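Engineer: So my numbering is basically just the index in the sequence shown, starting at one, shifted up by 69.
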Amino acid sequence: MKTKDALDTIVRMLSPYLGETMARAATLAHCQKLGIVVDGTEIKTEQLDALLRKFAQGLNIFVGREKAAAVVGEIQAAMAARSGS
């Protein structure tokens, strides 16, 4: 899956909780910290897993541990549906 497509999915799924601007900014900041190149690349499974772990940690503060786990699960399901696996 293209990194940009994956990030667009993450932003779309996080926007109801963080707002679109904050979701996009957080996504790009986490990518930078994790060394994930956004433009013109394919995201690796390990990179996506690391990115989602970072979001789960941050979401715990906003929505609590259980809801954060549910949101990450929803993102993973959306990614799987998008990639056709």
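Glycine included, each C-beta is placed from N, C-alpha and C at the ideal position. All of these numbers come straight from a predicted model, not from anything done at the bench.
Taking all protein chains shown into account, do 16 or more other C-beta atoms lie within 10 angstroms of the C-beta of THR72, making it buried, or fewer, making it exposed?
Structural biologist: Classification of THR72: buried, given that the 10 Å Cβ count is 16 or more.
Engineer: Between which two residues does the alpha helix (DSSP H) containing ASP108 stretch?
Structural biologist: Careful: ASP108 lies outside any alpha helix (DSSP H) and carries neither H nor E.
Engineer: Between LYS142 and MET82, what straight-line distance do the alpha-carbon atoms span, to the nearest angstrom?
Structural biologist: Rather than Lys, the amino acid found at residue 142 in this sequence is Gly. In a straight line, the C-alpha of GLY142 is about 11 Å away from that of MET82.
Engineer: Can you tell me whether ILE112 is buried or exposed? The criterion is at least 16 other CB atoms within 10 Å of its CB, across all chains shown.
Structural biologist: Buried is the call here.
Engineer: Three or more C-beta pairs under 8 Å: does that hold for the region 89–109 against the region 117–137?
Structural biologist: Touching, yes, given that three or more Cβ pairs across the two stretches are closer than 8 Å.
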